[in-house]
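Asks: Input: one structure, supplied below.
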Amino acid sequence: MIPVEVLQHISARLADSSPMDLIDELTPDFPAQGVKWAQCLSYWEAFRGQFPDQAVAIARVISKRAMREFGLAFDSEGRVVEKNAGAGAEPETVFTLEVYGKPVEVSHQYSPRTGSDSVSFSAADNPLSETGFWHIFVPHDVVDALGGPETFAAQIAEAKLAGAEKEFMAAFEGEHPWRKAVGKHTEAVASKAAGASVQGGLFEE
Numbered sequence: 002m003i004p005v006e007v008l009q010h011i012s013a014r015l016a017d018s019s020p021m022d023l024i025d026e027l028t029p030d031f032p033a034q035g036v037k038w039a040q041c042l043s044y045w046e047a048f049r050g051q052f053p054d055q056a057v058a059i060a061r062v063i064s065k066r067a068m069r070e071f072g073l074a075f076d077s078e079g080r081v082v083e084k085n086a087g088a089g090a091e092p093e094t095v096f097t098l099e100v101y102g103k104p105v106e107v108s109h110q111y112s113p114r115t116g117s118d119s120v121s122f123s124a125a126d127n128p129l130s131e132t133g134f135w136h137i138f139v140p141h142d143v144v145d146a147l148g149g150p151e152t153f154a155a156q157i158a159e160a161k162l163a164g165a166e167k168e169f170m171a172a173f174e175g176e177h178p179w180r181k182a183v184g185k186h187t188e189a190v191a192s193k194a195a196g197a198s199v200q201g202g203l204f205e206e
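The opening residue of the sequence shown carries number 2 in our numbering; numbering runs sequentially from there.
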């Protein structure tokens, strides 16, 4: 998630979209996306003067909403953490995953105290994200169940490309209370998830 690109998008969309529609459209659907918006909260003010004040304000509203909805907070060092979550994590590992013939750098880190893994995908030309960066938190047991970080990364990337990452994770986690349709954008997302099938036969024999 690159702040300047987000503000460019918001500024352009303000010409034909209401602030409420933009907030509803851009508010994250996943906790990992919420973390990225929270991390950007301190950046938005630096762009005042380069982008309309309204665009900056909308970005700040979305960041704060994401923090509330996903129970996020800043620790003493300014890092985004889950409220009341313990600290501590194993060393980060980095490897390269080929996606649609393009190299994508994958960073993986396991936090024993929270029982979750942080997995991010970054590349200048990233098929998984127009911003060049995509990140997800996932229960450590899921990563282990699939055979480790590299296997998980390959399979979640395939699901992401098929537009079926929600269904993929639901197979392990089930549905979460925060996955409810609120507003036009999230309602459309929920409807798509309910009626879509995993493209490409991800689990077909």
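For each residue, glycine too, the CB sits at the ideal point set by N, CA and C.
Taking the DSSP output, what are the residues bridged to Gln9?
Replies: Looking up residue 9 in the sequence shown gives position 8. None, per the DSSP bridge assignment.
Asks: Measuring CB atoms only, is the segment 62-81 touching the segment 100-112, in the sense that at least three cross pairs come out at less than 8 Å?
Replies: Judged by Cβ distances under 8 Å, the segment 62-81 makes no contact with the segment 100-112, as fewer than three pairs qualify.
Asks: Using the beta-carbon count (16 or more within 10 Å), is Pro113 buried or exposed?
Replies: Position 112 of the sequence shown, counted from the first residue, corresponds to residue 113. So Pro113 ends up on the exposed side.
Asks: What's the C-alpha gap between Ala13 and Ala146?
Replies: Counted from its first residue, the sequence shown places residue 13 at position 12. Counted from its first residue, the sequence shown places residue 146 at position 145. Rounded to the nearest angstrom, the two C-alpha atoms are 43 Å apart.
Asks: On a Cα-Cα basis, can you pick out the residue from Gln55, Arg49, Ser130, Phe31 that is closest to Ser18?
Replies: One-based indexing of the sequence shown puts residue 18 at position 17. Nearest of Gln55, Arg49, Ser130, Phe31 to Ser18, Cα basis: Gln55.
Asks: On the DSSP bridge list, what partners appear for Trp45?
Replies: Taking the sequence shown and counting its residues from 1, the one referred to as residue 45 is at position 44. In the DSSP output, where bridge partners are listed per residue, Trp45 has none listed.
Asks: Just to confirm before moving on: does the CB-CB distance between Pro20 and Ile59 stay below 8 Å?
Replies: Here the question's residue 20 lines up with position 19 in the sequence shown. Here the question's residue 59 lines up with position 58 in the sequence shown. It is a contact, given that the beta carbons lie within the stated cut-off.
Asks: Taking the alpha carbon of His141 as the point to measure from, which residue in Ser121, Tyr111, Cys41 has its own alpha carbon closest?
Replies: Start at 1 with the first residue of the sequence shown, and residue 141 comes out as number 140. When only C-alpha atoms are compared, the closest one is Tyr111.
Asks: Which whole-angstrom value describes the C-beta separation of Val57 and Arg49, a residue pair presumed to lie in contact below a C-beta threshold of 8 Å?
Replies: Counted from its first residue, the sequence shown places residue 57 at position 56. Counted from its first residue, the sequence shown places residue 49 at position 48. So it is a contact: roughly 6 Å between Cβ atoms.
Asks: Helix, strand or coil for Glu93? Go by DSSP, reduced to three states.
Replies: Numbered from its first residue, the sequence shown carries residue 93 at position 92. DSSP places Glu93 in coil when its eight states are reduced to three.
Asks: Kindly list the residues whose CB is nearer than 7 Å to the CB of Val7, restricted to its own chain and excluding five residues on each side of it in sequence; keep chain order.
Replies: Mapped onto the sequence shown, residue 7 falls at position 6. Closer than 7 Å at Cβ, skipping near neighbours: Ala60.
Asks: Alpha carbon to alpha carbon, what distance is there between Gln9 and Ile3?
Replies: Indexing the sequence shown from 1 puts residue 3 at position 2. Indexing the sequence shown from 1 puts residue 9 at position 8. The alpha-carbon atoms of Ile3 and Gln9 are separated by roughly 10 Å.
Asks: What three-state label does DSSP hand Asp118 in the structure shown?
Replies: The count along the sequence shown starts at 1 and reaches residue 118 at position 117. Note: Asp118 maps to strand in three-state DSSP.
Asks: Using three-state DSSP, classify Pro140 as helix, strand or coil.
Replies: Mapped onto the sequence shown, residue 140 falls at position 139. Reduced to three states, the DSSP call for Pro140 is strand.
Asks: Using CA coordinates, which residue listed in Asp22, Ala74, Gln34, Val5 is at the minimum distance from Pro53?
Replies: To locate residue 53, count along the sequence shown from 1; it is residue 52. Per the Cα distances, Val5.
Asks: Could you check the C-alpha separation between Gly116 and Asp22 for me, to the nearest Å?
Replies: Position 115 of the sequence shown holds residue 116. Position 21 of the sequence shown holds residue 22. Their backbone Cα atoms lie some 36 Å apart in a straight line.
Asks: What do you reckon, are the CB atoms on Trp40 and Val81 nearer than 8 Å?
Replies: As a working note, residue 40 is residue 39 in the sequence shown. As a working note, residue 81 is residue 80 in the sequence shown. For clarity, residue 40 is Gln in the given sequence; the question names Trp instead. Closer than 8 Å, so yes.
Asks: So, is Ala16 buried or exposed, given that buried needs 16 or more other C-beta atoms within 10 angstroms?
Replies: Numbered from its first residue, the sequence shown carries residue 16 at position 15. Exposed.
Asks: Expressed to the nearest angstrom, what Euclidean distance is found between the alpha-carbon atoms of Val183 and Glu166?
Replies: As a working note, residue 183 is residue 182 in the sequence shown. As a working note, residue 166 is residue 165 in the sequence shown. With a pLDDT of only 44 at Val183, under the threshold of 50, the placement of this residue in the model should not be trusted; the figure read from the coordinates follows. Cα to Cα, Val183 sits roughly 20 Å from Glu166.
Asks: Skipping 5 residues on each side, what residues in its chain have a beta carbon closer than 6 Å to that of Leu42?
Replies: Counting from one through the sequence shown, the residue named residue 42 turns up at place 41. Once the five neighbours on either side are set aside, the close Cβ partners of Leu42 are Ser64.
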